[in-house]
Structure formats: C-alpha cells, structure tokens
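These notes are about the structure you will find just below.
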Amino acid sequence: MEASERAEVVAFWFFCGFSEADPQVAALPDALRTLVCRGVEPADPNDSQLDPLVQASLVEDLYGVTNDYLLEALTERGLVIERIDDEVEPMFACPCCGYFSLSSEGGYEICAVCFWEDDGVRDPTEVSGPNHLTLADGRKNVQAFGACDMASVARVDRQARQRYRAPQR
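For the sequence shown, the positions run 1 to 169 when the UniProt record's numbering is used.
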C-alpha cells in the first residue's frame with residue numbers, strides 16, 4: 001500500500017468519530033481503540049501501532065467480493081495465491097440493481113454498484129425517502145446510465161460490478 005493511501009485509511013478512522021460501543025473498534029488493541037475514540041490523529045500514519053487499522057480496512061474493503069476479484073486484489077497487493085475456493089461471505093441483493101453488494105437488508109446501506117440507499121422499500125411504485133424516487137424509476141435509471149439517478153453516476157464504484165456477485169436472472 002502506498003504511503004498516501006495508508007495515510008488516507010488511517011485518517012478515516014480518526015475522522016469518523018467512533019465510540020467504544022461501535023463494533024468497528026471492538027477488535028482493536030485497547031490503546032489503539034482509545035486513541036481512535038478520542039479522534040486525535042497521530043502525526044505519523046506509518047507508525048506500526050496503526051497497522052491494525054489498515055488491516056481492518058482491507059478486510060472490510062474486500063468483504064463479500066467474488067473470489068475472482070479477491071484473487072486479483074490480493075495479487076495486486078503482492079500476495080501470490082493460485083486460487084481461492086472458499087465461499088464468498090453472504091451478501092444481500094440490492095433491490096435496485098440486483099447485485100449482491102449489501103451486508104444487510106433495509107439497513108440504509110448504499111449500494112456501491114448503483115448508489116441506491118436500501119431503506120427497505122420493496123414496492124416498485126412506492127417512493128423511497130432517501131432516494132427521492134420509486135424503485136421502478138431507480139431500476140430504469142440503472143439500465144439507462146448505470147446508477148439509480150443521474151446525480152449518482154459519478155459516485156458509483158466503477159469496479160463494483162466486478163467486485164460483487166451479479167444478479168441472478
């Protein structure tokens with residue numbers, strides 16, 4: 001990982017305002033968890049004490065991705081692995097694009113593929129509050145230009161269609 005990318009990953013942890021109750025920090029070493037919860041970013045992002053933050057971010061970034069994508073991502077990071085046979089972590093289908101990109105259903109998570117915020121609405125004719133349009137309109141937009149709405153086109157993860165399992169048709 002390049003120094004600038006590491007610095008960005010480390011900064012994220014201190015910017016988010018985590019508390020002791022947040023599950024993301026529960027597995028961190030005590031001293032590091034305290035540091036993160038205080039929100040005071042260390043001067044040196046390359047300090048080895050911060051390695052667990054980088055490792056946790058990598059795991060989260062690759063959670064639920066297809067084995068092919070995982071193999072490619074690990075190879076890019078310098079790990080030589082011939083193949084991965086394990087099952088992909090269970091993910092939920094986005095109600096808008098159908099890709100298995102969500103870690104929960106109806107949890108207001110934003111799909112990396114189409115940028116739909118899953119508020120639990122499944123009726124295609126009902127307006128989704130956070131998305132400000134119906135699921136049917138969002139689906140049409142995904143087909144037309146690859147995102148749930150025009151404003152989200154620039155926000156979608158361009159690799160997400162390779163990262164996550166495709167819809168079952």
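Ideal Cβ positions, reconstructed from N, Cα and C, are used throughout, including at glycine.
Check                                                                                                                                                                                                         : Outcome
With 16 other CB atoms within 10 Å as the buried threshold, where does D149 fall?                                                                                                                             : buried
Starting from S57, trace the alpha helix (DSSP H) both ways and give me its first and last residue.                                                                                                           : 51 to 62
Would you kindly report the start and end of the unbroken alpha helix (DSSP H) that includes L135?                                                                                                            : 135 to 145
Nearest CA to the CA of Y164: which residue from M91, A11, D44, S152?                                                                                                                                         : M91
Using 8 Å as the cut-off, can you tell me whether the region 152 to 168 makes contact with the region 110 to 121, which would need three or more C-beta pairs spanning the two stretches below that distance? : yes
Quick check: D119 and G129, are their CB atoms within less than 8 Å of each other?                                                                                                                            : yes
Comparing C-alpha positions only, which one of L71, A7, A21, D61 sits nearest to P42?                                                                                                                         : A7
Using 10 angstroms around the beta-carbon of Y99, count the other beta-carbons present and answer buried if the total reaches 16, otherwise exposed.                                                          : buried
Out of D86, E87, S103, which one is the CA nearest neighbour of A93?                                                                                                                                          : S103
Hey, is the region 26 to 36 in contact with the region 46 to 55, meaning 3+ C-beta pairs nearer than 8 Å?                                                                                                     : yes
Ignore the nearest five residues each way along the sequence and tell me which others in V36's own chain have a CB closer than 7 Å to its CB.                                                                 : W13, F14, F18, V25, L28
So, are the CB atoms of V10 and V65 less than 8 Å apart?                                                                                                                                                      : no
When the distance is taken between beta carbons, is L71 closer than 8 Å to R83?                                                                                                                               : yes
When DSSP builds the beta bridges, which residues end up paired with V127?                                                                                                                                    : T134
Output the boundary residues of the beta strand (DSSP E) element that contains residue 170.                                                                                                                   : The requested residue 170 does not occur in the structure, where the chain is confined to residues 1 to 169.
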